[in-house]
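Quick notes on the structure that follows.
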Amino acid sequence: MNQSRGHHGAPAWSPRRAGYRRLTAGWQHTGRPADLREHHDRYGPLPAVRQQSPRALVDAIAAARLTGRGGAGFPTATKMRAVATRRGPAVVVANGVESEPASQKDQALLAWAPHLVLDGALLAARAVGANVVHVCLDRTRDRQADGVLRAITERQQAGLGDVAMLAHGLPPRYVASEETSLIRWLNGGEARPTTVPPRPFEQGVGRRPTLVNNVETLAHIALIARYGPDWFCQAGHPDTPGTMLITVGGAAGYPGVYEIEAGTRVDEVLAMCDGNNEDGALLMGGYFGTWHAARDLAHLPLSAPGLRAAGASPGAGVIFALPPGGCGLAETARILCFLAGQVAQQCGPCMFGLPAVAGDFTRLAEGRPEGDVLERLDRRLGAITGRGACRHPDGAVRMAASALAAFASDARAHAAGRPCLGAYRRGSQADRPPIPPSAAATAPWAEDEWR
Amino acid sequence: MAVRRRLRWDPAACTGHGLCADLLPERIELDEWGYPVILGDVPPGLARHARRAVRACPVLALRLQPVQEDPGGRARS
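Written as structure tokens, this is what we have:
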């Protein structure tokens, strides 16, 4: 076969030639999901175990300084070593639940390149001594499940099956993608977070040491195993090597999922998708992220170390640009209402505190505050942080507090009873949480939806 | 040597009965929703009251742990 062209006639992707399109290379050429043959044409076969020992792979991941792409940004090799050094067989969980409404990158990746994710899961399983991989998905995404199951079957038929791979559909809840929720669900329980310790690497699925990785993280592992850490570091920023998937939403001419070099300047990223928003505001990092004036982030690298100086984080790679004329406080109220309706109903300060804060924000945004709403919000936000079993309340509070700081003058005006038109703009903003603000404290919650 | 103790609260187990705040008001107050806020470690003089508060919790959401003092003086638990 002609090595320079794939079997579909598109120019073959070459790791040596490619710029920053790595995970998305196939999509760029064919515009449709890659089957196993196309996947192997493009990236080559996986290195055999005899060519690359499990320990060598973890060392390569450490040298590539790969960090987790699910939002926390923890060093992947450190996590793998923690699991690998425990006694007994381990378990690998590929987290593709992506419950963050403002993020679509994991859905895009699983649609484009399921085999890249499954390669990574297989390699991770070999590296930590696991004989089973659980791929966790949102059960309401039927087409995604079909695609992943087809890919798993293809691999079994091709004899790539030295590790069992099982796909699971989890209930569509925001906290269901938290790693302890996945483990509790896989153990037959509800998809709600549990108190740590024990952490997953100590005692996870079936009480076995368990590695939970985001699906994008696994896809990067598949490329590092093939081309090595030096190749991986050819893209990206000295602080954060490699590429990353991001989701741009809101005021952008071309919203959607992009693959960028980690550490690309924020204004360059926005320019790329026609989201230049010099005077506007950005929600960086998604629903658990922080609001900022766009000019404060414009010249910073889009990476965890790059944004740290501004008190921001890329989270799972989400940028939401506030549309012109939009009200940041109204958007925040909407997001808080969504998050308040998504609590696990386990911890009091979160279960009662988030609806209270969401209600305060809604009244503030609509310019009909009761009492000293800013003082009350200050007290309530302080009373919620750090008082839940998981990070759900902390993330919501951080986002809310950042809105009060970034839109301080708006907050004072609204608290004085002067609303802005932005609060009443409906249907003009992308990435709207799926429930309206009025549903604040009374979001429907069915007990059986957790299983 | 006098041992300081730390109150550990399990937010997922707690159902907000509030007995702990009645029995140990020196170290536990309730937030506006009726859930305990821990105000600091328990000195030896309050240990008896703290143990009583832990025992009184109907859902076992409160524990008392000794705090180990590092040579550097930083507390760990």
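Those protein sequence lines, which keep their order, are chains A and B.
Sequential numbering of the first sequence, starting at 299, is according to this note's numbering.
Sequential numbering of the second sequence, starting at -14, is according to this note's numbering.
Each residue gets a CB set at the ideal place from its N, CA and C atoms; glycine is no exception.
The Cβ atoms of L408 (chain A) and G467 (chain A) lie no closer than 9 Å to each other. Between T538 (chain A) and Y318 (chain A), the CB-CB gap reaches or exceeds 9 Å. Interface annotation, G25 (chain B): not in contact with chain A, CB-CB separation never under 9 Å. Within the segment -12 to 20 of chain B, the residues whose Cβ lies closer than 9 Å to any Cβ of chain A are, in chain order, W(-6), D(-5), P(-4), A(-3), A(-2), C(-1), T0, G1, D16, E17, W18, G19, Y20. Between D577 (chain A) and L627 (chain A) the beta-carbon gap is near 17 Å, outside 8 Å, which marks them as no contact.
The shortest CA-to-CA distance from L675 (chain A) to any of A:G686, A:G646, A:L634, A:P331 is the one to A:L634.
When the beta-carbon positions are compared, G548 (chain A) and L595 (chain A) stay at least 9 Å from each other. Taking every protein chain shown into account, the CB of S351 (chain A) has fewer than 16 other CB atoms within 10 angstroms, so this residue is exposed. Chain-ordered, the chain B residues with CB closer than 7 Å to the CB of F650 (chain A) read W18. In this structure, A704 (chain A) lies near A579 (chain A), with their beta-carbon atoms less than 9 Å apart.
For E576 (chain A), there is no enclosing alpha helix (DSSP H), since its DSSP letter is neither H nor E. Taking a cut-off of 8 Å for Cβ pairs, the segment 681 to 692 of chain A and the segment 646 to 658 of chain A touch, as three or more such pairs fall below it. Using a Cβ-Cβ cut-off of 8 Å, R497 (chain A) is close to nothing in chain B; its nearest Cβ partner there is about 16 Å away.
Apart from the 5 residues on each side of it in sequence, C688 (chain A) sits with its Cβ closer than 6 Å to the Cβ of E476, P491 in its chain, given in chain order. In chain order, W589, G626, L627, T630 place their CB closer than 7 Å to the CB of A701 (chain A), counting only its own chain and leaving out the 5 sequence neighbours on each side. Leaving aside the five residues that flank T493 (chain A) on each side, the residues in its chain whose CB is nearer than 6 Å to its CB run, in chain order, A687. For the segment 575 to 620 of chain A, the continuous alpha helix (DSSP H) assignments of 4+ residues that do not extend past its boundaries occur at 592 to 595, 602 to 606, in sequence order.
Taking a cut-off of 8 Å on C-beta distances, the segment 448 to 460 of chain A touches the segment 328 to 339 of chain A, as three or more cross pairs fall below it. H2 (chain B) and R353 (chain A) have their C-alpha atoms roughly 51 Å apart. Per DSSP, the continuous beta strand (DSSP E) segment holding C434 (chain A) begins and ends at 428 to 436.
V52 (chain B) is outside the set of residues whose beta carbon lies under 9 Å from a beta carbon in chain A. Burial state of R749 (chain A) is exposed, judged by a 10 Å Cβ sphere holding fewer than 16 other Cβ atoms.
Within the segment 15 to 51 of chain B, the complete beta strand (DSSP E) segments at least 3 residues long are 21 to 23, 47 to 51, listed from N- to C-terminus. For C434 (chain A), none of the residues of chain B pass the 7 Å Cβ criterion, the least Cβ distance being about 21 Å.
In the DSSP assignment, W748 (chain A) falls outside any beta strand (DSSP E) and carries neither an H nor an E. Beta bridge pairing from DSSP links Y556 (chain A) with A:I544. At least one CB of chain B lies nearer than 9 Å to the CB of Q644 (chain A). Under the three-state reduction of DSSP, R(-7) (chain B) is assigned to strand. Excluding its 5 nearest sequence neighbours in each direction, A32 (chain B) has C-beta neighbours in its own chain below 7 Å: R(-10), listed in chain order. Beta-bridge annotation (DSSP): A462 (chain A) is paired with A:V430. Secondary structure at L509 (chain A): strand, using DSSP grouped into helix, strand and coil. Identification of chain B residues near R685 (chain A) by a Cβ-Cβ cut-off of 7 Å yields P(-4), ordered along the chain.
Contact fails between the segment 600 to 612 of chain A and the segment 415 to 427 of chain A, because fewer than three Cβ pairs, one in each stretch, are under 8 Å apart. Comparing C-alpha distances from D565 (chain A) to each of A:L598, A:L543, A:R482 shows the shortest one belongs to A:L598. Looking from the CA of V44 (chain B), the closest CA among B:R(-7), B:A(-2), B:L(-8) belongs to B:A(-2). Spatial neighbours of G427 (chain A) in its own chain (CB-CB distance under 7 Å, excluding positions within 5 residues in sequence) are listed in chain order as A382, P387, A388.
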